[in-house]
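Scroll down for the structure; my scribbles are underneath it.
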Amino acid sequence: MGSELIQKYLEDGPKLVRELFYGAEEHASSIVFIDEIDANETKR
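Take any residue in the sequence shown, count from 1 to its spot, add 24: that is its number in the working numbering.
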């Protein structure tokens, strides 16, 4: 069950980010602030 939830969010993540930036583009005076993005990255 847990892995299914994680997979769901991994698949939805890029879509949600695209929608965020499309929305920001439509509202040209907006700012997208992403806090602690490095926490979402995998270790190298």
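For every residue, glycine included, the Cβ atom is placed at its ideal position computed from N, Cα and C.
(request) Measure the C-alpha to C-alpha separation of P38 and H51 and round it to an integer number of angstroms. (result) 20 Å
(message) I need the straight-line Cα distance from L44 to E60, nearest angstrom please.
(response) 17 Å
(request) Measure the CB-CB distance between V56 and A48 and report whether it falls below 7 Å. (result) yes
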